Amino acid sequence: MKLVEKISRKFSKHEKQYDSNYEEPVIRCSICTGEQVAGFLNLSTGKFEEVMLIRTSQDLENFQNEYGITGTIKKIY
Numbered sequence: 106m107k108l109v110e111k112i113s114r115k116f117s118k119h120e121k122q123y124d125s126n127y128e129e130p131v132i133r134c135s136i137c138t139g140e141q142v143a144g145f146l147n148l149s150t151g152k153f154e155e156v157m158l159i160r161t162s163q164d165l166e167n168f169q170n171e172y173g174i175t176g177t178i179k180k181i182y
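Be aware that the sequence shown starts at 106, since it is given in the working numbering, and climbs by one per residue.
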């Protein structure tokens, strides 16, 4: 990992936010291809907002760190 990445990670913890009263973090999984996309499900409208493609467990960890999400994330199909 580059020094610049280490420094930016140290100072940019939880820089992105979501409103947990209106949105729920979820992983949308494709039944056909197995593709996984992390994002937020609007609790009132049911609309899914894509944030990032999840290819590895590191991608999922990065998503959780960016938004300060702890615990397991629900999967929807």
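Glycine included, each C-beta is placed from N, C-alpha and C at the ideal position. What you are looking at is a predicted structure, and each value in this text was computed from that prediction instead of being measured.
{"Item": "Residue 116 in three-state terms, based on DSSP", "Value": "Bear in mind that a pLDDT of 49 at residue 116, under 50, signals an unreliable position, so the model cannot answer this."}
{"Item": "Paired residues, beta bridge with residue 160 - DSSP", "Value": "In DSSP, residue 160 forms no bridge with anything."}
{"Item": "Counted within 10 angstroms of its Cβ, other Cβ atoms place residue 144 as buried (16 or more) or exposed", "Value": "buried"}
{"Item": "Secondary structure of residue 146, DSSP reduced to three states", "Value": "strand"}
{"Item": "Straight-line gap, residue 139 to residue 127 (C-alpha atoms, nearest Å)", "Value": "27 angstroms"}
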